[in-house]
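**Student:**
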Amino acid sequence: MLISSRPGSLTADRSVGITSATDSKLSSPLSSPHRTTTGRLDGDLHHVAPSVGRWKHGAMDIVSTPDTLEAIATGLQDWRKLAQPIVARYHTPDPVRGAAFVAAVAQAAVTVGQDPEIRLGRGVVDLALSTPGDKGGRWVTAQDIELGRTISKLAREHGLTALPGEVTQLELALDTADDTAVSPFWSALLTGAPDHVVGDTVLDPTNRVPSVWFQATDAHPPPRQRWHIDLWLAPEVADDRIAAAVAAGGTVVDASEAPSFTVLADPEGNKVCVCTALDRD
Numbered sequence: 007m008l009i010s011s012r013p014g015s016l017t018a019d020r021s022v023g024i025t026s027a028t029d030s031k032l033s034s035p036l037s038s039p040h041r042t043t044t045g046r047l048d049g050d051l052h053h054v055a056p057s058v059g060r061w062k063h064g065a066m067d068i069v070s071t072p073d074t075l076e077a078i079a080t081g082l083q084d085w086r087k088l089a090q091p092i093v094a095r096y097h098t099p100d101p102v103r104g105a106a107f108v109a110a111v112a113q114a115a116v117t118v119g120q121d122p123e124i125r126l127g128r129g130v131v132d133l134a135l136s137t138p139g140d141k142g143g144r145w146v147t148a149q150d151i152e153l154g155r156t157i158s159k160l161a162r163e164h165g166l167t168a169l170p171g172e173v174t175q176l177e178l179a180l181d182t183a184d185d186t187a188v189s190p191f192w193s194a195l196l197t198g199a200p201d202h203v204v205g206d207t208v209l210d211p212t213n214r215v216p217s218v219w220f221q222a223t224d225a226h227p228p229p230r231q232r233w234h235i236d237l238w239l240a241p242e243v244a245d246d247r248i249a250a251a252v253a254a255g256g257t258v259v260d261a262s263e264a265p266s267f268t269v270l271a272d273p274e275g276n277k278v279c280v281c282t283a284l285d286r287d
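Numbering-wise, this note's numbering puts 250 at position 244 of the sequence shown, and it's gapless, one number per residue.
(1) Relative to the alpha-carbon of residue 213, which residue among 87, 138, 158 and 282 has its alpha-carbon at the smallest distance?
(2) Quick one: what's residue 127 bridged to in DSSP?
(3) Using DSSP's beta-bridge definition, name the partner residues of residue 238.
(4) Can you check DSSP and say which residues form a bridge with residue 87?
(5) Can you give the beta carbon distance from residue 93 to residue 133, rounded, assuming they're within the 8 Å contact cut?
(6) Assuming residue 130 and residue 98 make a contact with CB atoms under 8 Å, what is their CB distance in whole Å?
(7) Are the CB atoms of residue 84 and residue 148 nearer to each other than 8 Å?
(8) What does the Cβ neighbour count give for residue 226, buried or exposed, with the cut at 16 atoms within 10 Å?
(9) If I'm right that residue 118 touches residue 153 with Cβ under 8 Å, what's the distance once you round it to whole angstroms?
(10) Shortest alpha-carbon distance to residue 196 belongs to which of 80, 252, 116 and 66?
(11) Using DSSP with H/G/I as helix, E/B as strand and the rest coil, what is residue 105?
(12) Nearest to residue 178 by alpha carbon, out of 75, 194 and 235?
(13) Determine the burial state of residue 87: buried for a count of at least 16 other Cβ atoms within 10 Å of its Cβ, exposed for fewer.
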């Protein structure tokens with residue numbers, strides 16, 4: 007079960023338009039293990055922001071990645087910083103206790119005007135905290151840090167055990183010679199609209215799918231082997247999603263097995279299968 011009180015927001019703390027690779031600890035609206043920078047480029051403003059400490063962006067009190075890690079080391083031990091948000095996982099002995107914890111977290115978040123993402127799964131509750139920027143970026147703010155402390159306290163009160171070593175976030179990285187040519191296709195395909203692109207990354211507003219980061223590379227012939235994505239959709243939306251992807255620059259490679267699956271390609275030939283449960287055994 008996914009509970010999201012921010013269905014229209016994007017969050018990011020990862021480098022957009024980075025300049026050099028010298029300090030892997032620096033924060034940005036879109037972070038990646040492959041990208042580091044001596045400065046930090048704001049994903050909404052596209053200007054260099056401080057790499058440590060805090061700074062204001064509108065009403066947001068943004069916390070740098072080094073200071074976020076310091077907070078984790080000095081009292082926020084349940085949490086870990088991943089690509090964009092700070093995240094935590096708690097073991098729940100049964101669904102009823104897990105649901106009670108989720109309700110308490112939701113109430114605490116509403117009280118302070120924050121919107122955590124909460125997932126109640128089998129034996130666990132997963133939480134992610136970040137704040138959306140006004141142009142799609144995701145930032146860790148002082149308010150997120152404080153809410154993290156409150157959530158940790160609530161977890162203890164509900165008798166839950168933190169599992170910080172189990173948190174994870176999947177990002178897809180696609181080599182491309184021209185991210186501006188392929189990013190609208192992948193945004194339309196994965197999110198339903200071509201404009202959910204922040205810098206060189208596609209971010210789904212509701213976190214249904216992993217982010218897609220475009221790794222710059224020289225133009226080259228298609229390799230013999232490349233992986234492709236199987237995107238499973240509700241049958242009633244598959245045709246519209248395919249049409250949106252084609253309008254954003256994609257092509258239909260093979261529709262002979264539709265509606266079971268339809269093969270599309272982006273402008274550089276990277277393929278994806280849009281799949282449904284129809285016409286299957």
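All C-beta atoms in this analysis are idealised placements derived from N, C-alpha and C, irrespective of residue type, glycine included.
**Tutor:** A quick look at the data gives this:
(1) Here residue 213 is taken as the residue at index 207 of the sequence shown, counted from 1. Comparing Cα-Cα distances from residue 213 to each of 87, 138, 158 and 282, the minimum goes to 138.
(2) Here residue 127 refers to the residue found at position 121 when the sequence shown is read from its first residue. Bridge partners of residue 127: 130.
(3) Against the sequence shown, residue 238 aligns to sequence position 232. Per DSSP, 281.
(4) Taking the sequence shown and counting its residues from 1, one reaches residue 87 at position 81. The partner list for residue 87 (beta bridge, DSSP) reads 92.
(5) Counted from its first residue, the sequence shown places residue 93 at position 87. Counted from its first residue, the sequence shown places residue 133 at position 127. About 7 Å separates the two Cβ atoms, so the contact holds.
(6) In the sequence shown, the residue the question calls residue 130 occupies position 124. In the sequence shown, the residue the question calls residue 98 occupies position 92. At roughly 6 Å, the Cβ-Cβ gap stays under 8 Å, so residue 130 and residue 98 are in contact.
(7) Taking the first residue of the sequence shown as 1, we reach residue 84 at position 78. Taking the first residue of the sequence shown as 1, we reach residue 148 at position 142. No. Outside cutoff.
(8) Within the sequence shown, numbered from 1, the residue matching residue 226 stands at position 220. It is exposed - the Cβ of residue 226 has fewer than 16 other Cβ atoms within 10 Å.
(9) Working through the sequence shown from its first residue, we reach residue 118 at position 112. Working through the sequence shown from its first residue, we reach residue 153 at position 147. That belief holds up - the Cβ atoms of residue 118 and residue 153 are roughly 6 Å apart, short of 8 Å.
(10) Within the sequence shown, numbered from 1, the residue matching residue 196 stands at position 190. Measuring from the Cα of residue 196, the nearest candidate turns out to be 252.
(11) The residue you call residue 105 lines up with position 99 of the sequence shown. Three-state result, residue 105: helix.
(12) Here residue 178 refers to the residue found at position 172 of the sequence shown. Ranking 75, 194 and 235 by Cα distance to residue 178 puts 235 first.
(13) Residue numbering aside, residue 87 sits at position 81 when the sequence shown is read from its first letter. Buried: at least 16 other Cβ atoms inside 10 Å.
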